[in-house]
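Let me begin by presenting the structure, written as structure tokens, before commenting on it.
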Amino acid sequence: MDVEIRDRPAFAHLLVQMEKGDKIIAEAGAMASMSGQLQMTTRFSGGPRGALLRRLFASESIFINEFSAQASGHVVLTQPYPGDIVAVDLRGTTIFLQPGAFLACEPGITLGLGWAGVRSLIAREGLFRLKASGHGRVWFGAYGAVVPRDVDGELIVDSGHLVAYEPTIGIQVGLAAGIFSSFFSGEGIITRVRGQGKIYLQSRSFGGLAAWTNAHLY
Amino acid sequence: MHFEMLCRPAATAVRYTLDRGESITCEVGAMVAMTTGLTVSTTSKSRGGGGGIVKGLKRMFSGENFFLNHFTSQEDQQTLVIAPTMMGDCRHHRLSGGTMIVQGSSWLASSGEIEIDTTWQGFTSALFSGESMFWVRCSGRGDLFLSSYGAIYAVPVSGQYTVDTGHIVAFEETLRYRIGKASPSLIGSFLGGEGLVCKFEGQGLLYCQSHNAPSLGKLLGPKLKPR
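Structure below.
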């Protein structure tokens, strides 16, 4: 299976070239087009219970699609907003993804739901986070460009800009500064990222687009 | 005529270099900049050809403008830059006698010799393909320029190919499609978020767009203030 991320960073999408017997798992609704030799089957993501939790609390879809090749062919997978896509290769490790970021993974990956805490909800990141672990590649997307960053110690991230992080990273929510400047500087609530590991940031936030659009509507 | 694609794929524009007598027909409002040796005429007809009011009205149904702009060069080495309204990609297709069926709003421009008409693809297509009711039919010999929201990729179809609704940009007339379900089970198709898809068959070139505006709208809509 050969996966290419095309047209980065503005309109990134995946071209997945598959041979007979290959399989890939994708977020519901991610398919843009596919060869006739491929078959799509829909199933619950992480079992019915996990799927229901995911739907209720992480605003992710309950279902995922599995594409399997009966003969060589390709499938194009995409995300709803314009932006970049990144691949991570997990070797028995774990990565946490923010709601909506997951795009696709190889069959050796298990998707589960992790409790992110009430603090995370306050930071507008959602109560739950998607946990991907196992052996294989995971692809996730972002609105805007993706900036990977190695954290050693502490880093402050504006809410809505954190896309993915390794389990060695802890998340805390705080105010950017005092009450006054937090609300008037436009930064408001920020996320404190602590620990040692890799994080992925997005250069734009979807909430920012919504706020900008709202300001321009008559 | 020479052309160059600038700033692909996020905010693509097309820059033409035209010699005396060469012409480009494009969507109204697509011109970004041009040199002074070009004349512009706005009509509801294809250049030098048939059309008129009826064709203009049909074009309106396909999501295009009633009018067309014709840019004709009076001198050598004139420059014209055009771009679509939305952010996204543009693509060149060389027509050599065949016919291309273009999704309503994806037709951007074509060289003077190409005949532009509107076509109807049947009721199921109109209702379920996620595209406009009418399509633009381009035939003849010359250069055709397509645009879309998202990047455009070409797929040489031989046999069967499935495209999610809302992702078709254009296809050669040698291809046929019908509306079907994405997976063998009907329930699975809908639960899997794909719902109905367009199933192509035959031999020919197909252009698809990587992103589609309704998906973005579905995410953005709930976040907008009520009006």
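The listed protein sequences correspond, in order, to chains P and C. Here the first sequence is numbered in numbering that gives the first Met the number 0, starting from 0 and rising by one per residue. Here the second sequence is numbered in numbering that gives the first Met the number 0, starting from 0 and rising by one per residue. Ideal Cβ placement from N, Cα and C applies to all residues, glycine included. Quick caveat, the model's predicted, so the values are computed rather than measured.
Under the Cβ criterion of 8 Å, Gly36/C is not counted among the residues facing chain P. Linking Asp163/C to Gly139/C through their CA atoms gives a straight-line distance of about 29 Å. Residue range 145 to 157 is occupied by the beta strand (DSSP E) that includes Pro147/P. Contact annotation: the segment 21 to 34 of chain C does not touch the segment 20 to 38 of chain P, with fewer than three C-beta pairs closer than 8 Å. Separation of the CB atoms of Leu161/P and Leu200/P is rounded to 6 Å, and the pair is thereby assigned contact status at 8 Å. Beyond the five residues adjoining it in sequence on each side, Ser71/P comes within less than 6 Å, by CB distance, of Glu18 in the same chain, given in chain order. Of the residues Glu171/C, Ser209/C, Val13/C, Gly20/C, the one whose Cα lies closest to the Cα of Glu26/C is Val13/C.
With fewer than 16 neighbouring CB atoms inside 10 Å of its own CB, Trp211/P falls in the exposed class. Residues of the segment 5 to 23 of chain P with a Cβ closer than 9 Å to any Cβ of chain C, in chain order: Arg5, Asp6, Pro8, Ala9, Phe10, Ala11, His12, Leu14.
Taking C-alpha positions only, Ala153/C is separated from Leu143/C by approximately 14 Å. Annotation: Thr161/C to Ala25/P spans about 16 Å, alpha carbon to alpha carbon. Under the three-state reduction of DSSP, Gly103/C is assigned to helix. Residues of chain P whose Cβ lies closer than 7 Å to the Cβ of Tyr206/C do not exist, since the nearest Cβ in that chain is about 10 Å away. When Cβ-Cβ separations below 8 Å define contact, Phe95/P makes no contact with chain C. Glu171/C counts as buried, since at least 16 other C-beta atoms from the protein chains shown sit within 10 angstroms of its C-beta.
Residue range 84 to 96 is occupied by the beta strand (DSSP E) that includes Ala86/P. In the DSSP assignment, Gly201/C forms a beta bridge with Gly158/C, Leu174/C. Any Cβ of chain P closer than 8 Å to the Cβ of Arg177/C would place that residue at the interface, and such an atom is absent. When secondary structure is reduced to three states using DSSP, Gly220/C falls in the helix class.
Remark: C-beta atoms of Leu89/P and Val137/P approach each other more closely than 8 Å. As a beta-bridge residue in DSSP terms, Met30/P pairs with Leu76/P.
In the structure shown, Ser147/C adopts extended strand secondary structure according to DSSP, grouped into three states. Per DSSP, Ser43/C has no beta bridge partner at all. Proximity of Tyr199/P to chain C, defined by a Cβ-Cβ separation below 8 Å, is not satisfied.
By the neighbour-count criterion, in which a residue is buried when 16 or more other Cβ atoms sit within 10 angstroms of its Cβ, Leu79/C is buried.
Between Ile168/P and Thr190/P, the C-beta gap is not smaller than 8 Å, which leaves the two residues out of contact. The beta strand (DSSP E) runs of length 3 or more contained entirely in the segment 67 to 102 of chain C are, from start to end of the chain, 67 to 72, 77 to 81, 88 to 102.
Among the CB atoms of chain P, one or more fall inside 8 Å of the CB of Asp163/C. For Ile186/C, the secondary structure class from DSSP, reduced to helix, strand or coil, is helix. Within the same chain, and ignoring the five residues on either side of Thr40/P in sequence, the residues whose Cβ sits closer than 6 Å to its Cβ are Glu65. For the options Ile94/P, Gly133/P, Arg7/P, Ile84/P, the alpha carbon positioned closest to that of Ile151/C is the one of Arg7/P. Rounded to the nearest angstrom, the gap between the Cα atoms of Gly121/C and Gly159/P is 44 Å. Per DSSP, Thr212/P is one residue of the alpha helix (DSSP H) stretching across 205 to 214. Taking a C-beta cut-off of 8 Å against chain P, the contacting residues of the segment 137 to 162 of chain C are Gly149, Ala150, Tyr152, Val154, Gly158, Gln159, Tyr160, Thr161, Val162, listed in chain order. Counted as a single uninterrupted DSSP element, the beta strand (DSSP E) harbouring Phe43/P occupies residues 37 to 43.
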